[in-house]
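Visitor: The structure follows.
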Amino acid sequence: MEEVNDLIKQRVQKLDDLRELDSDPYGRPFDTTHDTKVIHSQYGKLDRESLEKSPIQVTIAGRIIAMRNFGKAAFAHIQDSAGRIQVYFRKDILGKKFSIMKKLDIGDIIGLNGILFRTKTDELTVEVKGFELLTKSLRPLPEKWHGLRDIEQRYRQRYVDLIVNPEVREIVRKRSRIIKSIRDFLESRDFIEVETPMMQQIPGGATARPFITHHNALGIDLYLRIAPELYLKRLLVGGFERIFELNRNFRNEGISTKHNPEFTMLEFYIAYKDYNFLMPFTEDLFKYLAETVIGSLKIPCGDDTIDLTPPWPRIPLYDALVRKGVPEDILRDRERAFSWARQNGIAVKPEDSCGKILDEIFKEKVEPYLIQPTFIIDYPVELSPLAKRKKDNPELVERFELFIASREIVNAFSELNDPAEQKQRFQSQVEAKEKGDEEAHRMDEDYVRALEYGMPPAAGEGIGIDRLVMLLTNSASIRDVIIFPQLKPEK
RNA sequence: GGGCCGUUAGCUCAGCUGGCAGAGCAGCUGACUCUUAAUCAGCGGGUCCGGGGUUCGAAUCCCCGACGGCCCCCCA
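Just so we're on the same page, our numbering is the position in the first sequence counted from 1, plus 196.
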């Protein structure tokens, strides 16, 4: 971090030289009249003659990303948040200021004004009448052809990645548009956004290992939430009928191309509906997002094209298994399921429940083939301690997961609102935990108490926003859509 | 936690069976007032990821470690 190489020394020297020339290398506010995108869209069609006839004055600011110096003139490209444009410095126009220009480096941030013209090669260019250094850059940027390729450095120094790799900036923008569009969609359907605790005394609402932290004044350990679910449903008890929360969850699990320890989740709940309502609702949401953000329902994804045109197939979990050659007689028989899984090389543990074993088989035999959007519905009850049983088949719950590109993106169910049954379900989770299942749910007495006041029948859904952004930006790794992914310390 | 691969100049990368550490870009000096991978001439720049070992000699071979990537495991 402390390395001082010649390139930095040279720039520090220039910084002193610039002060001598009365140019503040760490400047002041600078009011612009245009950004580069506006210039291109408004004047991009004007030809050389009309630009000469009625000159257009612009004042812009941005970072120098390329420079071609001549003796008494220079071309540079300036990049702002909207794009880039070429600018042209001439000694006969700038006079004394030209010597300041000579001290500029690639990476410096400048403000300038001038008039638009077209070069010999017809590139729209600003002829600089005056300019001002706004910030001197002391470190050299990566080279212009290959840019910054080193993946580690791109993640560690994302600011450099953002300067030189436009596609990264585009993902950041798209992510912002996706999140805004989700809020628009939900708010237009009368949902309100709420914020529930990130620091929880009992981490609930999901199966995962939590991060532990400590509150000094209270003298207790707290957990970073693994899900907001139980708090959001307390709000259903409290009388809110349509709520959502779009924020971070934290899970103390492995890191991979699909997992970051902190990730963004949307959860929403709607009273007086069930999971059948949520499937078309989800289709509508995804359709809206694709149309708004991508402008198409057909989106590229690796070598495939995903077609989001609804409706999407609904396949019961058991049917999905049987279709992939899983024998029907193992579905309700834990011992048979266990030995079949073992025979087929699927890692299942002796303490796993039947539902857990079927889930493992599903991940191995079915999930890889779920490229196009598919709802897998009706899960075994032991996998879903917060979901409501199916009326006609109490070993299953009213739950679906949406898979796209082999990734689980949505999990939703009809909410269990019977406090006695909820207490029992927690109880069997506690037993699983005592048997060594680290990720089993914990008992939450207050949540049961809340249900005893009466929670309306409701449906709830969670959407992994990072994976959704991956899908809509055709990104292979979650680290490409999380601006600052978690890494080990540098040294 | 396991397996495979990677780490050489600011950046992108060569460097073969072990024999003086290289190129392009970037930088510096000079020339150049329409270039856009500007051009031309010259110059500087290295903890070869770290530590051991083998060897007359290691960027190169061996061992240990760090960090990263991919694939498993776990999870969403």
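We put the CB at the ideal spot given by N, CA and C, even for glycine.
Suppose the cutoff is 6 Å on Cβ atoms and the five residues either side in sequence are ignored; what does the same chain contact list for Gly401 look like?
Guide: Locating residue 401 in the first sequence gives position 205, counting from the first residue. Same-chain partners within the cutoff: Ala423, Glu425, Leu426.
Visitor: Please report the distance separating the alpha-carbon of Gln623 from that of Met639.
Guide: Mapped onto the first sequence, residue 623 falls at position 427. Mapped onto the first sequence, residue 639 falls at position 443. Between Gln623 and Met639, the C-alpha separation is close to 7 Å.
Visitor: Can you list, in chain order, the stretches of the beta strand (DSSP E) that have 3 or more residues and sit fully within the region 336-416?
Guide: 408-411
Visitor: Where are the beta strand (DSSP E) runs, 3 residues long or more, that stay fully inside the region 578-653, in chain order?
Guide: Given a length threshold of 3 residues, each whole run of the beta strand (DSSP E) inside the region 578-653 is given here in chain order: 589-600, 603-610.
Visitor: Could you tell me if Asn309 is buried or exposed, where buried requires 16 or more neighbouring beta carbons within 10 angstroms of its beta carbon?
Guide: Within the first sequence, numbered from 1, the residue matching residue 309 stands at position 113. Result: buried.
Visitor: Under the three-state reduction of DSSP, which class applies to Ala272: helix, strand or coil?
Guide: The residue labelled residue 272 in the question sits at position 76 within the first sequence. Of the three classes helix, strand and coil, the one that applies to Ala272 here is strand, per DSSP.
Visitor: Smallest Cα separation from Ile526: which of Lys520, Pro362, Ser535?
Guide: Reading the first sequence from its first residue, position 330 is the one you call residue 526. Here the closest residue by C-alpha is Ser535.
Visitor: For Ser250, which of Pro615, Val665, Ile311 has the nearest alpha-carbon?
Guide: As a working note, residue 250 is residue 54 in the first sequence. Measuring from the Cα of Ser250, the nearest candidate turns out to be Ile311.
Visitor: On the DSSP bridge assignment, give the partners of Ser452 in chain order.
Guide: Taking the first residue of the first sequence as position 1, residue 452 is located at position 256. Answer is His455, bridged to Ser452.
Visitor: Ignore the nearest five residues each way along the sequence and tell me which others in Ile679's own chain have a CB closer than 7 Å to its CB.
Guide: Start at 1 with the first residue of the first sequence, and residue 679 comes out as number 483. Cβ neighbours of Ile679 beyond the five flanking positions: Arg354, Val368.
Visitor: Beta carbon of Lys552: closer than 7 Å to some heavy atom of the ligand GTP?
Guide: By its list of ligands, the structure shown contains no ligand whatsoever, and the ligand GTP lies outside what it can speak to.
Visitor: Could you give the distance in angstroms between the alpha-carbon of Gly658 and the alpha-carbon of Arg215?
Guide: By one-based count along the first sequence, residue 658 stands at place 462. By one-based count along the first sequence, residue 215 stands at place 19. Using only the alpha carbons, I get a separation of about 56 Å.
Visitor: What does DSSP give as the partner residues of Leu312 in its beta bridges?
Guide: For this step, residue 312 is matched to residue 116 along the first sequence. According to DSSP, which records beta bridges pairwise, Leu312 is partnered with Val322.
Visitor: Look at Tyr471 and Ala655 and say whether their C-beta atoms are less than 8 Å apart.
Guide: Position 275 of the first sequence holds residue 471. Position 459 of the first sequence holds residue 655. Inclusion of Tyr471 and Ala655 in the CB contact set at 8 Å is warranted, their separation being smaller than that value.
Visitor: In whole angstroms, what separates the C-alpha of Glu198 from that of Ile204?
Guide: Here residue 198 corresponds to residue number 2 of the first sequence, with the count starting at 1. Here residue 204 corresponds to residue number 8 of the first sequence, with the count starting at 1. Residue placement at Glu198 is flagged as unreliable, the pLDDT there being 45, under the threshold of 50; a coordinate-derived value is accordingly withheld.
Visitor: Counting beta carbon pairs with one atom in the region 294-303 and one in the region 325-335, are three or more of them shorter than 8 Å?
Guide: They touch, by the three-pair rule.
Visitor: Does the structure place the region 380-394 close enough to the region 440-455 that three or more beta carbon pairs sit under 8 Å?
Guide: yes
Visitor: Val665 to Arg371, Cα distance in whole Å?
Guide: On the first sequence, position 469 is the one that residue 665 refers to. On the first sequence, position 175 is the one that residue 371 refers to. Answer to the nearest angstrom: the Cα atoms are 6 Å apart.
Visitor: Check the C-beta distance from Lys233 over to Ala278 and give it rounded, since I have them as a contact under 8 Å.
Guide: Here residue 233 refers to the residue found at position 37 of the first sequence. Here residue 278 refers to the residue found at position 82 of the first sequence. About 3 Å; that satisfies the 8 Å criterion.
Visitor: Taking 8 Å as the cut-off, does the region 578-596 touch the region 530-546 (at least 3 CB pairs, one atom from each stretch)?
Guide: no
Visitor: So what's Leu306 in DSSP terms, helix, strand or just coil?
Guide: Position 110 of the first sequence holds residue 306. In the sequence under discussion, the amino acid at residue 306 is Ile, which differs from the Leu named in the question. Strand.
Visitor: Terminal residues of the continuous beta strand (DSSP E) containing Arg280?
Guide: Along the first sequence, read from residue 1 onward, the residue named residue 280 stands at position 84. Element bounds for Arg280: 280-286.
Visitor: Around the Cβ of Arg405, are there at least 16 other Cβ atoms within 10 angstroms (buried) or fewer (exposed)?
Guide: Reading the first sequence from its first residue, position 209 is the one you call residue 405. Per the 10 Å Cβ criterion, exposed.
Visitor: If we ignore side chains and look at the alpha-carbon of each, how far apart do Met688 and Asn613 end up?
Guide: Absent from the model: residue 688. The displayed extent of the chain is 197 to 687, so no value can be given.
Visitor: Given a cut-off of 8 Å, decide if Leu513 and Ala533 are closer than it, judged by their beta-carbon atoms.
Guide: The residue given as residue 533 occupies position 337 in the first sequence. The residue given as residue 513 occupies position 317 in the first sequence. Taking 8 Å as the Cβ cut-off, Ala533 and Leu513 do not qualify as a contacting pair.
Visitor: Between which residues of its own chain and Lys340 is the CB-CB distance below 7 Å, once the five residues before and five after are set aside?
Guide: Along the first sequence, one-based indexing puts residue 340 at 144. Result list for Lys340: Ala262, in chain order.
Visitor: Tell me whether the beta-carbon of Ser602 lies closer than 8 Å to the beta-carbon of Ile567.
Guide: Here residue 602 is taken as the residue at index 406 of the first sequence, counted from 1. Here residue 567 is taken as the residue at index 371 of the first sequence, counted from 1. For Ser602 and Ile567, yes; Cβs fall inside 8 Å.
Visitor: Kindly confirm or deny that the region 449-459 and the region 672-686 touch, where touching means at least three C-beta pairs closer than 8 Å.
Guide: yes
Visitor: Which partner residues of Arg693 appear in the DSSP bridge assignment?
Guide: The chain is shown only over 197 to 687; residue 693 falls outside these bounds and no answer can be derived.
Visitor: Going along the chain, which residues of its own chain have a beta-carbon closer than 6 Å to the beta-carbon of Tyr575, five neighbours each way excluded?
Guide: Residue numbering aside, residue 575 sits at position 379 when the first sequence is read from its first letter. Within the same chain, Tyr575 has close Cβ partners Leu513, Val593, Arg595.
Visitor: Let me confirm a value: Pro569 is counted as buried when at least 16 other C-beta atoms fall within 10 Å, else exposed. Which label applies?
Guide: As a working mapping, residue 569 is identified with position 373 in the first sequence. Pro569 is buried by the Cβ-count criterion.
Visitor: For the beta strand (DSSP E) that Tyr468 lies in, which residues bound it at each end?
Guide: In the first sequence, the residue the question calls residue 468 occupies position 272. For Tyr468, no beta strand (DSSP E) segment is defined, and its DSSP state is neither H nor E.
Visitor: Taking C-alpha atoms, which residue in Tyr239, Phe266, Asn265 lies nearest to Gln253?
Guide: As a first step, residue 253 is located in the first sequence; it is residue number 57 there, counting from the start. Closest by alpha carbon: Tyr239.
Visitor: Put Asp503 into one of helix, strand or coil per three-state DSSP.
Guide: Taking the first sequence and counting its residues from 1, the one referred to as residue 503 is at position 307. Under the three-state reduction of DSSP output, Asp503 falls in the strand class.
Visitor: From Pro506 to Lys298, what distance separates their C-alpha atoms?
Guide: Against the first sequence, residue 506 aligns to sequence position 310. Against the first sequence, residue 298 aligns to sequence position 102. Cα to Cα, Pro506 sits roughly 59 Å from Lys298.
Visitor: For the 8 Å Cβ check, are there 3 or more pairs between the region 469-483 and the region 413-423?
Guide: Not touching, per the Cβ criterion.
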